[in-house]
Amino acid sequence: MITTRILTGEAVAGALDDLARLRIAVFRDWPYLYDGDRAYEREYLKAYTAPGAVVVAALDGNRIVGAATGAPMEDHAEDFAAAFADRPERLEDIFYCAESVLLPEYRGHGLGHAFFDGREEQARSLGRRYSAFCSVIRPADHPARPADYRPLDGFWRKRGYEPLPGVIASFHWRDLGDAEETTKQLQFWMKPL
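Residue 260 in the numbering used here sits at position 116 of the sequence shown, with consecutive numbering throughout.
Take a look at the structure:
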């Protein structure tokens with residue numbers, strides 16, 4: 145039986161290795177194609193031990209098989225300030241639903257809803273007015289795109305999220321098989337809480 149658990153602070157710190165392994169495994173797949181590094185991931189994930197941050201973990205017994213991260217948007221201001229510069233919402237009113245990762249064999253059982261429910265509950269507890277996330281933009285004709293790929297846009301819209309026109313973030317990572325990092329564009333989606 146799969147259960148979900150809310151992790152904060154020290155509980156997140158105790159799960160860093162498991163979370164890093166999970167992110168590297170899941171983000172290797174389309175559309176991320178991320179060539180991850182465990183040391184980088186551990187360091188990155190430490191941000192989710194901070195006050196206000198949350199990890200919603202999916203567990204099969206004691207094994208973490210999925211996780212969704214979230215934190216106050218101002219904790220990511222360096223990365224997102226430019227994308228939101230022309231928006232009326234203050235970063236301090238937004239909760240950032242960062243990454244959701246779930247091993248393929250556990251998909252299709254409602255855990256995506258549990259991931260958003262947990263993060264949105266955290267956002268409300270912090271008095272946030274909006275919940276936002278971003279999705280990687282890849283061309284439809286990308287050679288690594290699986291023929292059976294189904295975008296999650298319909299799921300996100302059913303949850304009340306809509307893409308924010310022109311609100312695009314840029315991040316750098318190394319794709320599988322590449323020698324260097326390249327810039328990726330990510331589309332922000334948001335909903336009022």
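By construction, the Cβ of each residue, glycine as well, lies at the ideal position given by its N, Cα and C atoms. Just so it is clear, the structure is predicted and the values come from calculations on it, not from any experiment.
- Here TYR240 carries a strand assignment [DSSP, helix/strand/coil].
- Annotation: ALA212 is outside any alpha helix (DSSP H); the continuous beta strand (DSSP E) that includes it extends over 207 to 216.
- Within the model, the alpha-carbon separation for ALA284 versus GLY298 is close to 17 Å.
- The residue among SER244, SER269, ALA258, TYR250 with its C-alpha nearest the C-alpha of ASP237 is SER269.
- Within the model, the alpha-carbon separation for GLU264 versus GLY214 is close to 9 Å.
- Residue pairing by DSSP places GLU222 opposite no residue, since no beta bridge is assigned to it.
- Take GLN329, set aside five residues on each side of it, and the residues of its chain with a beta-carbon closer than 8 Å to its own are VAL280, ILE281, ILE312, ALA313, SER314, in chain order.
- One alpha carbon belongs to ALA201, the other to ASP161, and they sit about 13 Å apart.
- From the listed residues GLU324, ALA194, SER244, ASN206, the smallest Cα separation to MET145 is found for ASN206.
- Here the C-alpha atom of VAL198 lies approximately 12 Å from the C-alpha atom of SER244.
- Secondary structure within the region 257 to 335: the alpha helix (DSSP H) runs of 4 or more consecutive residues, fully enclosed, are 297 to 302 (chain order).
- Among the bridge pairs identified by DSSP, THR148 is matched with ALA202.
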